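159 is the number that numbering that gives the first Met the number 0 gives to position 160 of the sequence shown; each next residue is one higher, with no gaps. Here the structure is laid out as structure tokens; the discussion comes afterwards.
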Amino acid sequence: MANADSVEELLKKTPKEPDFVIDGIHFGRGGSYYDENTSTHLRHKTTEVKCWRIVGEKLEAIESKNEFFSSETYIVRWKSNTEYLRFEEVLSTRDNEIYFYWKGEDAPKGHSPLPECIEKDNPPVERIVQWAEPPAFLQLFSGKFVVHIGKHSLLSKAPHLYILRGELEEELHLYELPLKRGNLRSRTSFVVFNPDEKSSIIWHGKNSNAHCKESIRKATEKIFGPKYTEITEGSENDKLIYLVENEDCFNAPLKLIDYTPRLFYFNKITGSFLTTEIDCSHNSSHITPFPFLQSHLYTPEQPAIFLLDDNDEIWIWYGWDQDEDDGFKTECFIMAINYAKQKSKNIKRLVKLQKVIAGFEPDSFTHLFPVWQKRQDIAQLQEKVGIEDSAFSFCCKAGVLLSANPLIEVISPEEAPDT
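Take a look at the structure:
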């Protein structure tokens with residue numbers, strides 16, 4: 000069990016700078032890396048970037064190397080030169096040739112072999128997927144990387160909605176989402192591009208910060224051109240309302256987002272209670288409004304338990320297959336209480352601790368992620384096993400008073416049980 004001291008240390012920890020390592024070389028974010036052990040500075044200079052689309056077992060060169068499609072897979076060859084320096088003196092140099100195998104989120108699942116023309120040379124290859132690209136990959140596109148829904152042969156002339164990702168200018172990228180109001184998020188900015196008019200509408204969520212707003216202006220201009228207008232959530236004009244499919248959607252409260260959320264995985268893999276922090280693939284010193292994905296919660300072996308820190312709101316998320324012993328669940332919940340107590344002290348205001356169950360996530364939780372797919376299959380599974388009996392009774396044993404809604408628990412740190 001983690002005590003209050005370890006919780007305090009957990010809160011003090013800062014995320015590590017991303018470091019892409021392949022073929023024994025540290026690339027950092029792509030441009031440089033400093034090795035503290037040897038006092039050596041590695042400076043990387045890109046000499047060539049070439050992209051192919053995989054069609055069957057063949058490679059098809061693409062002209063717009065910054066435009067990918069979610070139902071396809073691509074090969075990106077990155078050639079670079081590395082200088083090894085110490086006190087600005089060049090010690091040695093080497094040439095690198097690295098391949099990225101990129102798979103869109105809607106591409107066929109499973110492990111696909113590399114095209115024979117590449118595999119026969121056995122080059123260093125990094126397999127990556129949409130939404131989890133490392134900065135070293137993103138920087139190859141100089142802030143112009145965009146992923147459209149579907150296949151390249153089916154790109155329609157209808158308006159398209161894109162969400163902003165990345166915080167550094169050279170790592171900015173846009174992902175297309177279905178054009179629905181429910182896909183908009185208040186803490187970031189989006190762009191709707193109209194191919195027929197060759198114009199864009201930038202939509203700023205009411206909680207989108209100044210850096211997000213400036214970043215999407217830069218990305219929009221680089222990718223779609225300088226012809227755009229800007230609107231803010233709540234002041235949408237008739238044109239945007241006409242373009243976006245109307246539906247009931249979550250109205251997020253006005254909130255200052257001057258922090259990056261954090262995510263922790265509770266487990267007993269080693270036999271002892273462990274809290275493992277999940278890193279954002281492209282974290283930086285800037286605020287990242289959406290550092291995590293739904294897959295971070297749903298991919299691990301179940302049952303899984305996570306804690307999501309959204310500053311003054313702490314969420315504890317329970318997965319399915321609730322076979323874990325009540326003792327471990329109690330440990331997780333008490334750990335969450337201790338975390339909320341310490342967080343309240345650190346930020347000097349009340350922190351809410353809320354409990355949420357896989358398949359029954361409320362909008363206030365799902366809108367902490369850039370996109371969310373409702374998992375009715377998991378909700379039905381939970382109902383079949385009688386989740387109320389198996390997942391909540393342990394909270395009562397821990398001395399925690401459940402609210403009338405069994406899916407949400409709100410706890411004041413001052414009222415939490417002693418631990």
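Here a beta-carbon is modelled for each residue, glycine too, at the ideal position from N, C-alpha and C. Bear in mind the structure is a predicted one, so any value in this text is a computation, not a measurement.
Distance between residue j and residue i (C-alpha atoms, nearest Å)
{"i": "histidine 203", "j": "glutamate 56", "result": "42 Å"}
{"i": "phenylalanine 144", "j": "proline 302", "result": "36 Å"}
{"i": "isoleucine 333", "j": "proline 177", "result": "39 Å"}
{"i": "glutamine 379", "j": "glycine 358", "result": "8 Å"}
{"i": "threonine 39", "j": "proline 17", "result": "18 Å"}
{"i": "isoleucine 148", "j": "leucine 160", "result": "10 Å"}
{"i": "leucine 58", "j": "lysine 267", "result": "44 Å"}
{"i": "lysine 344", "j": "asparagine 310", "result": "12 Å"}
{"i": "glycine 286", "j": "glutamate 115", "result": "The identity of residue 286 in the sequence shown is isoleucine, whereas the question assumes glycine. Distance between the alpha carbons of isoleucine 286 and glutamate 115: 42 Å."}
{"i": "lysine 373", "j": "histidine 295", "result": "15 Å"}
{"i": "isoleucine 277", "j": "valine 75", "result": "27 Å"}
{"i": "aspartate 105", "j": "aspartate 257", "result": "33 Å"}
{"i": "glutamate 166", "j": "aspartate 237", "result": "30 Å"}
{"i": "valine 384", "j": "valine 355", "result": "17 Å"}
{"i": "cysteine 395", "j": "alanine 339", "result": "Interpretation of cysteine 395 is limited by its pLDDT of 36, a score under 50 that renders its predicted location unreliable; the figure taken from the coordinates is listed afterwards. Their backbone Cα atoms lie some 19 Å apart in a straight line."}
{"i": "serine 141", "j": "glycine 30", "result": "12 Å"}
{"i": "lysine 78", "j": "asparagine 95", "result": "6 Å"}
{"i": "phenylalanine 291", "j": "asparagine 282", "result": "10 Å"}
{"i": "arginine 42", "j": "threonine 81", "result": "6 Å"}
{"i": "serine 69", "j": "isoleucine 53", "result": "13 Å"}
{"i": "leucine 474", "j": "glutamate 229", "result": "With the chain represented from 0 up to 418, any question about residue 474 goes unanswered, as that position is not in the structure."}
{"i": "threonine 298", "j": "proline 252", "result": "30 Å"}
{"i": "phenylalanine 205", "j": "leucine 154", "result": "Rather than phenylalanine, the amino acid found at residue 205 in this sequence is lysine. Near 30 Å, if we compare the C-alpha coordinates of leucine 154 and lysine 205."}
{"i": "phenylalanine 305", "j": "phenylalanine 263", "result": "6 Å"}
{"i": "asparagine 121", "j": "arginine 28", "result": "24 Å"}
{"i": "valine 350", "j": "threonine 275", "result": "21 Å"}
{"i": "leucine 90", "j": "glutamate 47", "result": "23 Å"}
{"i": "serine 63", "j": "leucine 239", "result": "28 Å"}
{"i": "serine 152", "j": "isoleucine 336", "result": "52 Å"}
{"i": "arginine 348", "j": "glutamate 8", "result": "20 Å"}
Beta strand (DSSP E) segment containing residue i, residue limits
{"i": "tyrosine 258", "result": "No beta strand (DSSP E) holds tyrosine 258; DSSP gives it neither H nor E."}
{"i": "glutamine 379", "result": "Run containing glutamine 379: none in the beta strand (DSSP E); it sits in the alpha helix (DSSP H), 375-383."}
{"i": "glutamine 353", "result": "351-356"}
{"i": "arginine 28", "result": "Neither: arginine 28 is in no beta strand (DSSP E) and is coded neither H nor E."}
{"i": "arginine 216", "result": "Segment 209-223 is the alpha helix (DSSP H) holding arginine 216; no beta strand (DSSP E) there."}
{"i": "lysine 143", "result": "Element bounds for lysine 143: n/a, residue is neither H nor E."}
{"i": "arginine 126", "result": "124-128"}
{"i": "threonine 275", "result": "273-277"}
{"i": "threonine 231", "result": "227-231"}
{"i": "valine 89", "result": "88-102"}
Per DSSP, cross-strand counterpart(s) of residue i
{"i": "valine 48", "result": "Trp77"}
{"i": "tryptophan 316", "result": "Phe305 and Val355"}
{"i": "arginine 186", "result": "Answer is none; arginine 186 lacks a bridge partner."}
{"i": "isoleucine 172", "result": "Going by the sequence as given, residue 172 is histidine instead of isoleucine. DSSP, once it has assigned bridges, lists Phe144 and Arg164 as partnering histidine 172."}
{"i": "glutamate 66", "result": "Val145"}
{"i": "alanine 60", "result": "Trp51"}
{"i": "threonine 39", "result": "Asp34"}
{"i": "serine 198", "result": "Asn193"}
{"i": "threonine 72", "result": "Lys102"}
{"i": "lysine 11", "result": "Lysine 11 is not bridged to any residue."}
{"i": "valine 20", "result": "His25"}
{"i": "leucine 84", "result": "His40 and Val89"}
{"i": "histidine 203", "result": "Ser188 and Thr231"}
Span of the alpha helix (DSSP H) around residue i
{"i": "leucine 344", "result": "Note that residue 344 is lysine in the sequence shown, not leucine. It spans 325-346 - the alpha helix (DSSP H) in which lysine 344 sits, taken as one unbroken run."}
{"i": "glycine 295", "result": "With the sequence shown as reference, residue 295 is identified as histidine, and glycine is not the correct amino acid for it. Start and end: 293-297."}
{"i": "isoleucine 117", "result": "115-118"}
{"i": "serine 363", "result": "362-365"}
{"i": "leucine 137", "result": "134-137"}
Beta-carbon contacts of residue i that lie in its chain and below 8 Å, excluding the five residues immediately before and after
{"i": "isoleucine 127", "result": "Phe99, Tyr100, Trp101, Lys102, Pro133 and Phe136"}
{"i": "histidine 210", "result": "Glu166, His285 and Ile286"}
{"i": "glutamate 168", "result": "Gly142, Ser214 and Lys217"}
{"i": "cysteine 279", "result": "Pro14, Thr259, Thr287, Pro290 and Phe291"}
6 Å Cβ shell around residue i - same chain, five flanking residues per side excluded
{"i": "tyrosine 227", "result": "Ser199, Ile201 and Thr219"}
{"i": "cysteine 248", "result": "Arg180 and Gly181"}
Cut-off 7 Å between Cβ atoms - residues of its own chain near residue i, not counting five sequence neighbours on either side
{"i": "isoleucine 215", "result": "Leu163, Ser188, Val190 and Ile201"}
{"i": "valine 124", "result": "Tyr98, Tyr100 and Leu113"}
{"i": "phenylalanine 393", "result": "Low per-residue confidence applies at phenylalanine 393: pLDDT is 38, beneath 50, and the placement is therefore not dependable, though the value from the model is reported in the following sentence. Within the same chain, phenylalanine 393 has close Cβ partners Asp325, Lys328 and Thr329."}
{"i": "lysine 221", "result": "Gly142 and Lys143"}
{"i": "phenylalanine 368", "result": "Phe289, Phe291, Leu292 and Gln293"}
{"i": "tyrosine 32", "result": "Asp18, His25, Phe26 and Leu41"}
{"i": "serine 207", "result": "Arg186, Thr187 and Ser188"}
{"i": "glycine 224", "result": "Lys197"}
{"i": "phenylalanine 156", "result": "This sequence places lysine at residue 156; phenylalanine is not what is there. Cβ neighbours of lysine 156 beyond the five flanking positions: Pro194 and Asp195."}
{"i": "valine 370", "result": "Leu176 and Asn182"}
Residue i CB to nearest heavy atom of the ligand MG below 7 Å
{"i": "lysine 342", "result": "The ligand content of the structure shown is nil, which means the ligand MG is not present either."}
CB contact below 8 Å: residue i versus chain B
{"i": "glutamine 341", "result": "Any reference to chain B falls outside this structure, which holds one protein chain only."}
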